[in-house]
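Visitor: Got a structure for you, written out below as structure tokens; questions coming shortly.
Residue numbers (this note's numbering): 17 to 122.
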């Protein structure tokens, strides 16, 4: 499995927060659905933190794990083309196997 570190920014007005909410639109759902739509593969995600409904983020750090091996820049471009305009992948990089966005914080 391949791991990537993504820096994500979003305008939270249109979302019920980061975490998946039944019947509501969450930021994590939008990213997960875009990934599946673009690459036709599953993805698991872990975020550094969660946000509440209506809260914005400029640098939310997430780790995605996928069987897909892709150049990180191409990953970001492909996702940004599929995501709603209120979410943008600001940066993508290959993450070390032991990287965890909640544990590797400065």
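Note that beta-carbon positions come from the ideal geometry of N, C-alpha and C, so glycine has one too. In this text, all values refer to a predicted model and were calculated from it rather than measured experimentally.
With residue 100 and residue 46 assumed to form a contact (beta carbons below 8 Å), what rounded beta-carbon distance in angstroms separates them?
Guide: Between the beta-carbon of residue 100 and that of residue 46 there is about 6 Å, and that keeps the pair under the 8 Å contact cut.
Visitor: Please report how far the alpha carbon of residue 107 lies from the alpha carbon of residue 96, in whole angstroms.
Guide: Between the C-alpha atoms of residue 107 and residue 96 there is a straight-line separation of about 11 Å.
Visitor: Quick one: Cα of residue 59 to Cα of residue 19, how far?
Guide: 10 Å
Visitor: Just to confirm the assignment: which complete alpha helix (DSSP H) runs, minimum length 4, are found wholly within the stretch 30 to 93?
Guide: 43 to 55
Visitor: Using a beta-carbon distance below 8 Å, is residue 82 in contact with chain C?
Guide: Looking for chain C here will not work: only one protein chain is present.
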